[in-house]
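Residue numbers (our numbering): 1200 to 1497.
Virtual Cβ for every residue (Gly too), placed ideally from N, Cα, C.
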Ligand code: UTP
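Dropping the structure here:
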């Protein structure tokens, strides 16, 4: 199998959990401190060596395209002011990767969004990164997944242990241990199962390294939960297919730092945590947070 070079970033969802903020703005553009969530995701792909990025966009695609394009007027104004720090920040999102776009006419589910990437990806394994999930840059999840895909073939998904009572919020897997501590062989997958029917407490995270066989499977995957074409359902089929047909699904168990920015409370936590760790904002924010918490206690 060829080396993975392409990343697909689905960003065409409706973002209903974040309305009305997402009425005219994709949720992937919501700022996490001072960068839109999607920029963290593209930076992560580039760090892992994937600098060909395909974004699957929907009706609100303009802000996404503009963010990764030049803004000549703004650059000239910053240049005239001699503000090189801000100029570098503005140019960073343009220079870091080659970003392509494909439109998903109707948001018919994550599986359908991935299928929209078929032509661009071709017959190579590729990564899928969801803009909702921010993985801390100190934790190298995607690099590890690429390593596992190169060694084992098939497809690789990212898993995280969650408290059993919260598993119905996630896709979930039935999996068996392998000789590697952080790798499991996935036998079955189910999207958002009721707590008493969940096969484990291993939840699926928004990072995938997929075999191109997934496209043919997706073409034949009927709408599932919520009337959407679910990537989880296609992975379920891949898990039962023989390796010579591109089947087999491995899971990498992630125990690092991850922020779910598609959920309002987690989004706020992510902003506070990332800002508190920064050199420029951290000291003042931490001091204020201390006072604020003390105040709430009264
Ligand atoms: P979510 O399941 O979080 O759906 O999508 P959503 O519509 O964006 O958000 P909520 O639940 O209504 O708040 C997971 C990822 O898949 C993309 C989304 O943009 C998000 O990155 N997606 C989802 C698509 O690109 N197309 C779709 O049809 C559905």
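- Task: Give a single yes or no on whether residue 1267 has its beta carbon closer than 7 Å to a heavy atom of ligand 1.
- Result: Stepping through the chain shown from its first residue, residue 1267 is reached at position 68. Checking the Cβ of residue 1267 against ligand 1 gives no.
- Task: Determine the contact status of residue 1220 and residue 1237, defining contact as a CB-CB distance below 8 Å.
- Result: Locating residue 1220 in the chain shown gives position 21, counting from the first residue. Locating residue 1237 in the chain shown gives position 38, counting from the first residue. Cβ distance not < 8 Å, so residue 1220 and residue 1237 don't count as in contact.
- Going by the beta-carbon positions, is the gap between residue 1381 and residue 1451 smaller than 8 Å? Residue mapping note: residue 1381 aligns to position 182 of the chain shown, counting from 1. Residue mapping note: residue 1451 aligns to position 252 of the chain shown, counting from 1. Their beta carbons are under 8 Å apart, which means residue 1381 touches residue 1451 by this criterion.
- Query: Is the CB-CB distance between residue 1316 and residue 1298 below 8 Å?
  - Reply: Counting from one through the chain shown, the residue named residue 1316 turns up at place 117. Counting from one through the chain shown, the residue named residue 1298 turns up at place 99. Going by C-beta atoms, residue 1316 is not nearer than 8 Å to residue 1298.
- Message: Relative to the C-alpha of residue 1363, which candidate in 1392, 1466, 1419, 1261 has its C-alpha closest?
- Response: The sequence position of residue 1363 within the chain shown is 164, counting from 1. Ranking the options by Cα distance to residue 1363, first place goes to 1392.
- Message: Does the beta-carbon of residue 1215, which I'm using as the reference point, lie nearer than 7 Å to any heavy atom of ligand 1?
- Response: By one-based count along the chain shown, residue 1215 stands at place 16. Because some heavy atom of ligand 1 lies under 7 Å away, the Cβ of residue 1215 counts as near it: yes.
- Message: Does residue 1204 come out as helix, strand or coil in the three-state DSSP assignment?
- Response: Position 5 of the chain shown, counted from the start, is the residue given in the question as residue 1204. Here residue 1204 sits in coil by DSSP.
- Message: Closer than 7 Å to a non-hydrogen atom of ligand 1 - does that hold for the CB of residue 1391?
- Response: Looking up residue 1391 in the chain shown gives position 192. Not so, every heavy atom of ligand 1 lies at least 7 Å from the Cβ.
- Task: State yes or no: is the C-beta of residue 1243 within less than 8 Å of the C-beta of residue 1345?
- Result: Reading the chain shown from its first residue, position 44 is the one you call residue 1243. Reading the chain shown from its first residue, position 146 is the one you call residue 1345. Taking 8 Å as the Cβ cut-off, residue 1243 and residue 1345 do not qualify as a contacting pair.
- Message: Here's the rule I'm using: 16 or more other beta-carbon atoms within 10 Å means buried, otherwise exposed. How should residue 1454 be labelled?
- Response: The count along the chain shown starts at 1 and reaches residue 1454 at position 255. Exposed, since its Cβ has fewer than 16 Cβ neighbours within 10 Å.
- Anticipated Cβ contact below 8 Å, residue 1458 with residue 1469, distance rounded: Taking the first residue of the chain shown as 1, we reach residue 1458 at position 259. Taking the first residue of the chain shown as 1, we reach residue 1469 at position 270. With a Cβ gap of about 4 Å, residue 1458 and residue 1469 count as contacting.
- Query: Buried or exposed: where does residue 1150 fall if 16 or more other Cβ atoms within 10 Å of its Cβ makes it buried?
  - Reply: The shown model of the chain, from 1200 to 1497, leaves out residue 1150, and the question about it has no answer.
- Which residues DSSP lists as bridging residue 1373, in chain order: Working through the chain shown from its first residue, we reach residue 1373 at position 174. Answer by DSSP bridge pairing, in chain order: 1387.
- Taking DSSP as the reference, what is the three-state secondary structure of residue 1234? Taking the first residue of the chain shown as 1, we reach residue 1234 at position 35. Looking at residue 1234 - three-state DSSP - the assignment turns out to be strand.
- Query: Based on the DSSP output, what are the partners of residue 1326 in its beta bridges?
  - Reply: Locating residue 1326 in the chain shown gives position 127, where the first residue counts as 1. The partner list for residue 1326 (beta bridge, DSSP) reads 1206, 1408.
- Task: Please classify residue 1282: does DSSP put it in a helix, a strand, or coil?
- Result: Taking the chain shown and counting its residues from 1, one reaches residue 1282 at position 83. Residue 1282 falls in the coil class under three-state DSSP.
- Query: With 16 other CB atoms within 10 Å as the buried threshold, where does residue 1410 fall?
  - Reply: Position 211 of the chain shown, counted from the start, is the residue given in the question as residue 1410. Buried, because 16 or more other Cβ atoms sit within 10 Å of the Cβ of residue 1410.
- Task: Give me the Cα-Cα distance between residue 1312 and residue 1255, rounded to the nearest whole angstrom.
- Result: Residue 1312 sits at position 113 when you count from the first residue of the chain shown. Residue 1255 sits at position 56 when you count from the first residue of the chain shown. Answer to the nearest angstrom: the Cα atoms are 6 Å apart.
- Specify, as a first and last residue, the run of the alpha helix (DSSP H) that residue 1467 falls within. Position 268 of the chain shown holds residue 1467. From DSSP, the alpha helix (DSSP H) with residue 1467 extends over 1463 to 1475.
- Query: For the alpha helix (DSSP H) that contains residue 1299, what are its first and last residues?
  - Reply: Counting from 1 along the chain shown, the entry for residue 1299 is found at position 100. Residue 1299 -> not in any alpha helix (DSSP H); beta strand (DSSP E) instead, spanning 1297 to 1302.
- First and last residue of the beta strand (DSSP E) that includes residue 1357? Position 158 of the chain shown, counted from the start, is the residue given in the question as residue 1357. Start and end: 1354 to 1360.
- Query: Buried or exposed: residue 1481, going by 16 or more other Cβ atoms within 10 Å of its Cβ?
  - Reply: Position 282 of the chain shown holds residue 1481. Residue 1481 should be labelled exposed.
- Coil, strand or helix - residue 1253 by DSSP: Your numbering for residue 1253 matches position 54 in the chain shown. Correct three-state label for residue 1253: strand.
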